[in-house]
Each structure stands twice: as C-alpha cells, then as structure tokens.
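Chains as they are written, first to last, in this note's numbering: chain A, 1194 to 1340; chain B, 376 to 761.
We put the beta carbon where it would ideally sit given N, CA and C, even for glycine.
Below is one structure, written out as structure tokens; the observations come after it.
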C-alpha cells in the first residue's frame, strides 16, 4: 500500500507565479488509474499535486503539510474518492475537518445516495459524480481555488 | 336475530360510505361480524350455531330433522360453494318441507302454512347471505395476505437490485471515468506519441477490467441449472486443491487437507462446487498477506431438524489464520460488490456467486471469524435421500 503513497507527480509548472506559491491539491483515490488521470488532467494547470491511495494516508498527508509547514503549510484543495480501503472518504473528511475547517473538499464518486450527500454537505464538502469530464473537473478546481 | 348497536368509530372513519350505502344496517352488521370472525373461528361458530338451533328445536318440540337435514347442509353449502348454491339448497329445502308436510298429512290452516314456509325460507336465505358474505371476507383477507407476502418478496428483490445497481455504478463508474478522461485527453490537446500510447493502453486495460466485472455479474445472475450428479466431496476437494497448489505456494501459504474418513457424497454440480471451493481458497490466501496456513476440511453432519425432518449434510470448510473479518463487515460479506480488498484484487462478487451456487443446491454457507485470528467459511450441502 505504501508504494502508492505520494507517488503522484509533483508537477513543476511556472503558473501561480503571481502568488509566489503553487497551489497544493491533494488527490485521494485507491484506484491507480484514477489518480493518474487526475494528475494528467490537472497537469497543465500548474498546481502541486500529491496523490495518496487511502483515507488514512490522506489525513496523514494533510497533517504533515499543516503541522510541518511543507508546501507553505497550506492545503488548497482535496479531491477524494468515497469508497477506499483502510479509511473511507467520509471518515477522512471528518478527520481533515478536525485539523482545518476550511480546506475545500470535493468527493468524486460513482455512487452517492442522498444520505451521503447530506452528510457531505454537513461538513462543507461537495460531491461530483463519476464519470466526470476533465474540463468540468478543471473548472470546478479553478473555482474552488479562487482562480 | 341479534342487531348490534350503532358503531360510532366505524361512522367516524367512513361517514361518506355509510351515508351513501343503501344497506346501512347490513353494512354495520357485516363490519361488526368482520371484526369478530376469523378464518379459524368461523366454522366452529357455524357448527355451534346449528347445534343451538337443534337444541332449541328439540326443547320446543319442533322437528329436529329440519335443522339437521336442511339448515346444516345449507350453511355448509353456502360456505363451500357460494351464495347461489346455498340459496338453491334453501329453495329446495323449503319445497321439501312443504312436500313432507303434505305427505304426512299435517293439516294446518293455509295461512299458517304460508307463514311457516315464508319464515323458514327467509331464515335460510338470511343464513345463506351471512355465510356467503363471511366467506367472501375470509377469501379477501387471504388474498390480501398473499399479496402482502408477495410485496415483501418483491421489496426484498428490489433491495438486492438496489444493492447491485449501487455496486455496478461504483465498479463500472471508475473505469468508465478513466476511459472517458483519456479519450478527452487525446481529443483536446495535440497529444505526444508517448501520450497516445499511454492513453490507449490505459483505455484497453480499463475495458478489460469492465469486461471481467460484467462477466462475473452474468455469473452472479445466472439461472439455476446444470447437471447434478453424485459427487464425493473428498475427491472434489483433492482435485480442486491440486489446481491451486502453485498459487497457494507462490503466496507463501501452506495448504492442508483434512478429509472425512468415509466418502462425503452429495447431489451436486461438481464444476459449480469446485468454483465455490476455489473462491474460498483464493479468499483465504488473500486474507494472509504475510503467508499462513489454509485448511480445507470435509465432513459429514447428521440430523439437523428442518421442518420436522432430519437432514444430513456434506460439509466443506476452508479455514485461514489471516486478518479475519471485522464484526461490522461479517453480515455483508455475501453482499454483491462488498469487498475489503484493494482495487483490481477483488470485485466483491466471489462470495455472492458462491452464496448463489450453494443456495441453488439447497445448502447454506456461513462464516465465523475473529479479527486478527482468521476466518472459517463452511459450506453445507444436503445429502439427498436417493
């Protein structure tokens, strides 16, 4: 499992130069091909992307950034799957909210029932249904990052 | 005849119907009777009613045969064959009664004869009408109960379909998203040759993944069938495990087979039961990422009472000393698409398919597990009497 962790490309683009710091997007999905797709889709946008493969590693990653000041000590956006081994997305959201109440959090999931949507919105997060178009994903990410 | 007092509750709940219905009294009587009569007590009550009428006849010196010969058959006729039948019997009985009177030369004034005949006929017709309404009520209740049971079954099926749909959406949604995303990548930018190769390869991989899921779904929903023959589970376990030896040893696991001393024969489709055993062994191996021992055991189990009949089973169990199953997950392990394995390792259909196969055979599959200590899956197949 740890082989997948933080294996996503930390893409070095010259965008975001205005703010002096590249926006940090953390992607959590247990599916290798989905993580790769997110990284490819957002590659041209010039964000720093960290990919993790479970809810637990997502929480660990967020904690490291916030506590140790990696990447400027700020997580700008989290994109996560709901169904993941070890710790699912909902539990990860709870724990992330305990660390920081304001990080924009987007779930990309293939199956969300109304109960899940309610629970998600109670934590100020949102749900996008799979399949998601890359253009749509990029637009949502840009909006959430205030760009 | 007993006339019940008005029923305020009934009036409150159905005022419109009460007001419009011409037979308000009749309605009230029927609804009063309805609430007191059940399919169980209606026949004894009819019999007691007849008995009381007979005693009444006897004590008042009236001909007991009337009740016994006419009234009782008419009531039974109305119950079992319907109102029309009962009414015909009543008419015949009245005619019979008149004829008997005539033949025995009972000389009564004509007015009394007419009065008696009309009274007897009216009494019998009222009895027929009451019994007929009761019978219809009982039948309607029975139909409603059947309907309710059918609806429950339907709801159960819908739950399974709902679960399946959620599973299908989840399992197919991800590869579909990956395929669509890579197609978009290829279409939008001017892709490099490396990107083209990478994306097309990913698309192909994902379509293969979807094909596997669909094939397993078809397996899961397959119709019951296939030839069932006498199968010795000892032989089946030996051959099935032989095929898996390489896989098991590659995963640094050990396979132990403990066979019952006598043949464990069941009526089964050998290929399907082999599939079940293979599934269970693969699961056991996957539950032991650090290696361990898989034990396959066959046994005979006697005398389990099923509906008063003793049934014996051929048992096949697979035990591992792996990670075990969390108590919260135990109830869901046989649900379609339930899996705790990583993506690509399990689709969550193996145990559902196994459950379906074992159920088709009239058997059970159950699981005992202790997190951190391992799990045992036991398949019980009825041995049949032939």
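Distance cutoff 8 Å, beta carbons only. Does residue i sit that close to anything in chain B?
| i | result |
| --- | --- |
| residue 1224 of chain A | yes |
| residue 1235 of chain A | no |
| residue 1308 of chain A | no |
By the 10 Å Cβ neighbour count, where 16 or more other Cβ atoms means buried, how is residue i classified, buried or exposed?
| i | result |
| --- | --- |
| residue 484 of chain B | exposed |
| residue 465 of chain B | buried |
| residue 584 of chain B | buried |
| residue 542 of chain B | buried |
| residue 554 of chain B | buried |
| residue 590 of chain B | exposed |
| residue 605 of chain B | exposed |
| residue 430 of chain B | exposed |
| residue 416 of chain B | exposed |
| residue 745 of chain B | exposed |
| residue 1298 of chain A | buried |
| residue 656 of chain B | buried |
| residue 1227 of chain A | buried |
| residue 517 of chain B | exposed |
| residue 581 of chain B | buried |
| residue 557 of chain B | buried |
| residue 1305 of chain A | buried |
| residue 726 of chain B | buried |
With 8 Å set as the bound, which would you pick, yes or no: does the beta-carbon of residue i sit closer than that to a beta-carbon of chain A?
| i | result |
| --- | --- |
| residue 702 of chain B | no |
| residue 422 of chain B | no |
| residue 549 of chain B | yes |
| residue 565 of chain B | no |
| residue 520 of chain B | no |
| residue 746 of chain B | no |
| residue 552 of chain B | yes |
| residue 743 of chain B | no |
| residue 619 of chain B | no |
| residue 396 of chain B | Because the pLDDT at residue 396 of chain B is just 45, under 50, the model does not fix this residue reliably, and the point stays unresolved. |
| residue 591 of chain B | no |
In chain A, which residues lie with their C-beta within 8 Å of the C-beta of residue i?
| i | result |
| --- | --- |
| residue 555 of chain B | 1324 and 1326 |
| residue 581 of chain B | 1226 |
Quick one: which chain A residues come within Cβ less than 9 Å of residue i?
| i | result |
| --- | --- |
| residue 577 of chain B | 1226, 1229 and 1230 |
| residue 670 of chain B | What residue 670 of chain B touches in chain A: nothing, since even the nearest Cβ is about 26 Å away. |
| residue 560 of chain B | 1230, 1233, 1234 and 1327 |
Name the chain B residues whose beta carbon is nearer than 7 Å to that of residue i?
| i | result |
| --- | --- |
| residue 1303 of chain A | 544, 545, 548 and 549 |
Residue i touches chain B at which residues, Cβ-Cβ below 9 Å?
| i | result |
| --- | --- |
| residue 1276 of chain A | 545 |
How big is the Cα-Cα spacing for residue i and residue j?
| i | j | result |
| --- | --- | --- |
| residue 735 of chain B | residue 660 of chain B | 26 Å |
| residue 1253 of chain A | residue 528 of chain B | 46 Å |
| residue 396 of chain B | residue 503 of chain B | Residue placement at residue 396 of chain B cannot be trusted, given a pLDDT of 45 that sits under 50; what the coordinates show is reported in the next sentence. The straight-line gap from Cα to Cα measures roughly 21 Å. |
| residue 1273 of chain A | residue 1321 of chain A | 10 Å |
| residue 410 of chain B | residue 400 of chain B | 16 Å |
| residue 565 of chain B | residue 621 of chain B | 47 Å |
| residue 496 of chain B | residue 418 of chain B | 22 Å |
| residue 1281 of chain A | residue 530 of chain B | 29 Å |
| residue 521 of chain B | residue 428 of chain B | 36 Å |
| residue 1249 of chain A | residue 607 of chain B | 47 Å |
| residue 1137 of chain A | residue 545 of chain B | Since the first residue of chain A shown is 1194 and the last is 1340, residue 1137 of chain A is not available in this structure. |
| residue 1269 of chain A | residue 526 of chain B | 51 Å |
| residue 1214 of chain A | residue 1276 of chain A | 32 Å |
| residue 1284 of chain A | residue 1308 of chain A | 15 Å |
| residue 759 of chain B | residue 634 of chain B | 20 Å |
| residue 1264 of chain A | residue 562 of chain B | 33 Å |
| residue 436 of chain B | residue 519 of chain B | 46 Å |
Can you pull the chain A residues whose beta carbon is under 7 Å from the beta carbon of residue i, in chain order?
| i | result |
| --- | --- |
| residue 541 of chain B | 1304 |
In chain order, each alpha helix (DSSP H) run of at least 4 residues that lies wholly inside the region 428-465 of chain B: Counting only runs of 4 or more residues that sit fully inside the region 428-465 of chain B, the alpha helix (DSSP H) segments are 447-456, in chain order.
Every unbroken beta strand (DSSP E) inside the region 1213-1277 of chain A [3 residues or more]: Runs of the beta strand (DSSP E) inside the region 1213-1277 of chain A: 1217-1221, 1241-1245 and 1270-1273.
Could I get the ranges of all uninterrupted beta strand (DSSP E) runs contained in the region 604-691 of chain B, with 3 residues as the minimum, in chain order? Runs found: 604-607, 628-633, 640-643 and 667-681.
May I have a chain-ordered list of the alpha helix (DSSP H) segments no shorter than 4 residues that lie completely inside the region 1287-1326 of chain A? As for any alpha helix (DSSP H) of minimum length 4 sitting wholly inside the region 1287-1326 of chain A, the runs are 1307-1315, ordered along the chain.
Give, in chain order, every unbroken run of the alpha helix (DSSP H) that is at least 4 residues long and sits entirely within the region 556-601 of chain B. Qualifying alpha helix (DSSP H) stretches, in chain order: 568-595.
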